[in-house]
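Reading through the structure tokens given below for one structure.
Numbering (UniProt numbering), first residue to last: 1 to 681.
Right under this line is the structure:
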């Protein structure tokens with residue numbers, strides 16, 4: 001949209017009948033060349049994650065947003081040459097040029113007469129195609145589920161000694177029953193529907209290949225499964241009620257006691273992962289592989305406030321896979337991650353899909369000799385600088401291609417995604433088991449979605465602690481959020497040979513700069529003919545970041561970084577003091593937990609502020625934390641996924657040193673049902 005000069009000589013627009021005074025206006029030139037007289041109270045936005053109030057389509061170019069009701073009017077509705085209906089075009093101009101309909105002065109008697117006639121003759125807008133298709137699929141799924149339940153009750157299959165028996169409450173659908181259906185629409189039947197109130201124990205059904213994963217093995221071959229003990233539940237007490245009541249963390253305005261008309265149970269294999277960065281995606285992939293290996297049906301959903309995967313720190317990492325500078329206390333996790341990476345890189349076409357190259361990472365030293373011909377053409381550093389191959393480096397990859405590969409892997413494993421969403425609250429049953437969550441859609445104001453959930457994994461990096469505090473206000477675990485900023489910029493460079501296509505780590509380049517940590521990295525990108533320079537802030541912040549901050553562009557602060565790296569970059573005419581010579585720049589937030597170490601552990605019910613009198617702390621399901629990997633997240637993500645899967649299902653080696661910090665449960669909480677107040681985050 002181009003902005004034209006105000007039309008000072010034009011006649012004032014006639015005010016709407018019934019308004020107290022003429023609204024002040026700014027005259028602009030619209031996309032179609034016509035004048036647009038925008039009244040006060042509207043602001044121009046370029047947020048493409050929102051939807052237009054009138055046409056309900058996602059905003060493609062830009063929009064006008066009302067400062068009072070925060071509703072958007074898209075540029076297509078304001079364009080007279082667009083394919084929008086006459087009703088939408090007239091309504092959009094009535095909003096922007098006269099008065100937004102949220103204004104209390106607006107009423108049917110005050111509507112423009114021309115628009116009133118159009119509004120009266122305008123038929124109601126049809127339902128969107130996706131909504132109709134989803135409704136049809138939901139009806140088919142409900143009918144198929146009822147039929148399957150009826151058959152299962154009237155004609156039970158004969159028992160086999162070799163089959164493992166599980167309670168009805170743990171039954172899950174077969175892949176054939178849920179193929180092609182929306183994952184969140186299916187909720188397994190509960191005891192209250194299939195068992196009479198007078199029965200002492202739930203009916204048992206044989207599940208040979210559809211049992212939930214409890215003894216899955218790690219991806220490393222040769223390890224035997226170690227099944228976990230299932231917590232004892234007093235079924236006699238459980239059967240005296242007609243349904244399982246829920247202890248819910250509710251926000252006003254909607255009901256969260258049921259999901260699709262039934263009560264989910266914590267034994268169902270329903271997992272929700274908050275965070276679609278490298279850690280969250282690797283966790284989703286690993287859990288899906290474990291379930292598939294065990295032959296169990298599963299439902300894994302990844303939720304993120306962004307509109308796509310890997311939009312925060314993961315999108316801007318340097319892609320160097322090296323264990324050399326990993327803290328010593330993390331070496332066990334780094335070794336597990338290295339094994340996982342070797343398995344990934346051994347997959348067919350993995351090097352091409354990830355743009356991976358081995359033996360291209362070097363450490364820069366400034367106290368020895370070197371061969372001038374071995375230096376990349378874009379790098380210089382004086383006569384005493386030489387390069388040494390990084391012994392602990394696996395190589396380097398393109399972070400953008402890694403994100404695309406992980407997304408494709410998860411989709412092939414039937415992992416579903418909810419972008420532009422956050423978790424509003426959680427619900428637990430009378431036995432302090434997690435049963436469900438509610439998602440809030442940022443693109444639709446006031447829109448919520450209920451999901452069955454037995455395991456909630458918070459893997460949102462520096463935003464994890466804020467979300468954890470908001471969902472569980474009574475939690476007693478004090479976890480740190482040590483935030484450091486990663487600053488980066490890119491410059492154009494000519495990458496002509498293999499000598500130029502390298503990644504360099506300068507361990508002491510910023511030793512004299514108090515605002516940065518000592519190490520700086522420089523990575524060549526031959527596909528873009530650029531060099532990316534990254535430095536890490538020395539200051540540590542303890543602030544808890546809300547997830548909305550991930551949607552805001554962070555100001556790049558690269559003055560010190562550009563000044564330090566200018567002597568190392570060799571390009572004719574390059575002057576890093578001139579910001580115009582920098583192609584792109586930015587910053588990301590990285591976080592570590594207690595003791596500058598990650599946390600990969602389940603949070604017991606007592607730590608969440610929920611009653612512990614029923615042995616809920618012994619459950620294998622619940623709420624999990626997986627965050628705090630700092631600038632080593634890309635390297636450690638697959639190892640962290642293996643550790644979490646091992647802790648959740650058993651069957652692998654559990655790793656010490658990455659658990660929750662010590663905490664103390666108040667005495668008053670031990671024998672009470674603590675209903676932690678939850679808030680939308």
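For glycine and all other residues, C-beta sits at the position ideal for the given N, C-alpha and C.
Bear in mind the structure is a predicted one, so any value in this text is a computation, not a measurement.
Going by the C-beta, is residue 451 closer than 7 Å to any heavy atom of the ligand ZN?
The ligand content of the structure shown is nil, which means the ligand ZN is not present either.
With 16 other CB atoms within 10 Å as the buried threshold, where does residue 60 fall?
exposed
On the DSSP letters alone, give me the boundaries of the alpha helix (DSSP H) that residue 325 sits inside.
Where residue 325 is concerned, there is no enclosing alpha helix (DSSP H), given that its DSSP letter is neither H nor E.
Jot down the residue ranges of each uninterrupted beta strand (DSSP E) in the region 499-534, minimum 3 residues, whole runs only, in chain order.
503-506 and 516-525
Would you say residue 627 and residue 604 are within 8 Å of each other, going by their C-beta atoms?
no
Select from 488, 551 and 540 the residue whose C-alpha is nearest the C-alpha of residue 560.
Here the closest residue by C-alpha is 488.
As a quick exercise: from 287, 463, 276 and 509, pick the residue whose alpha carbon is nearest that of residue 380.
509
How do the region 516-525 and the region 547-555 stand: do at least 3 beta-carbon pairs fall below 8 Å, yes or no?
no
With which residues is residue 602 paired in a DSSP beta bridge?
624
What's the gap between the Cα of residue 6 and the Cα of residue 36?
Here residue 6 scores only 40 on pLDDT, less than 50, and its place in the model should not be relied on; the value that follows carries that caveat. As the crow flies, the alpha-carbon of residue 6 is around 10 Å from that of residue 36.
In whole angstroms, give me the CA-to-CA distance for residue 399 and residue 472.
33 Å
Starting from residue 386, trace the beta strand (DSSP E) in both directions and tell me its first and last residue.
386-389
Got a sec, what are the start and stop residues for the beta strand (DSSP E) residue 410 sits in?
Note, residue 410: premise wrong, no beta strand (DSSP E); alpha helix (DSSP H) at 399-412.
Are the region 285-293 and the region 404-414 touching, with three or more C-beta to C-beta distances below 8 Å?
The region 285-293 vs the region 404-414: in contact.
Taking 8 Å as the cut-off, decide whether the C-beta atoms of residue 73 and residue 64 are in contact.
yes
State the DSSP-derived secondary structure class of residue 334, mapped to helix, strand or coil.
Helix.
If you check the beta carbons only, do residue 490 and residue 531 fall under 8 Å apart?
Between residue 490 and residue 531, the C-beta spacing is below 8 Å.
Within its chain, find whatever has a CB closer than 6 Å to the CB of residue 562; leave out the 5 residues flanking it on each side and keep chain order.
576
Take residue 537 and list the residues in its own chain whose beta-carbon comes closer than 6 Å to its own, dropping the five residues that flank it on each side.
Cβ neighbours of residue 537 within its own chain (closer than 6 Å, five residues either side excluded): 484 and 485.
Please tell me whether residue 466 and residue 546 are closer than 8 Å, where the distance is taken between their beta carbons.
yes
With the cut-off set at 8 Å, would you say residue 375 and residue 625 are in Cβ contact?
no
Is it buried or exposed for residue 97, if we count other Cβ within 10 angstroms and need 16 for buried?
buried
Within its chain, find whatever has a CB closer than 6 Å to the CB of residue 305; leave out the 5 residues flanking it on each side and keep chain order.
422, 547 and 550
Whose C-beta lies closer than 6 Å to the C-beta of residue 320 among residues of the same chain, with five residues either side of it excluded?
361, 396 and 503
Check whether the region 327-334 touches the region 295-311, counting contact only when three or more Cβ pairs, one atom from each stretch, lie closer than 8 Å.
no
In terms of residues, what are the limits of the beta strand (DSSP E) holding residue 440?
434-441
Ends of the alpha helix (DSSP H) at residue 286?
Boundaries of the alpha helix (DSSP H) harbouring residue 286: 278-294, taken from the DSSP string.
Using three-state DSSP, classify residue 559 as helix, strand or coil.
helix
Among the candidates 629, 435 and 470, whose CA atom is the shortest distance from the CA of residue 596?
629
Quick one: Cα of residue 454 to Cα of residue 621, how far?
6 Å
Quick check: residue 89 and residue 75, are their CB atoms within less than 8 Å of each other?
Taking C-beta atoms as the reference points, residue 89 and residue 75 fail to come closer than 8 Å.
For residue 82, list the residues DSSP reports as bridge partners.
Answer is none; residue 82 lacks a bridge partner.
Residue 638 and residue 282 - do their beta-carbons sit closer together than 8 Å?
yes
Rounded to whole angstroms, what is the Cα-Cα separation between residue 660 and residue 591?
16 Å
Excluding the 5 residues flanking residue 342 on each side, which residues of the same chain have their C-beta closer than 8 Å to its C-beta?
394
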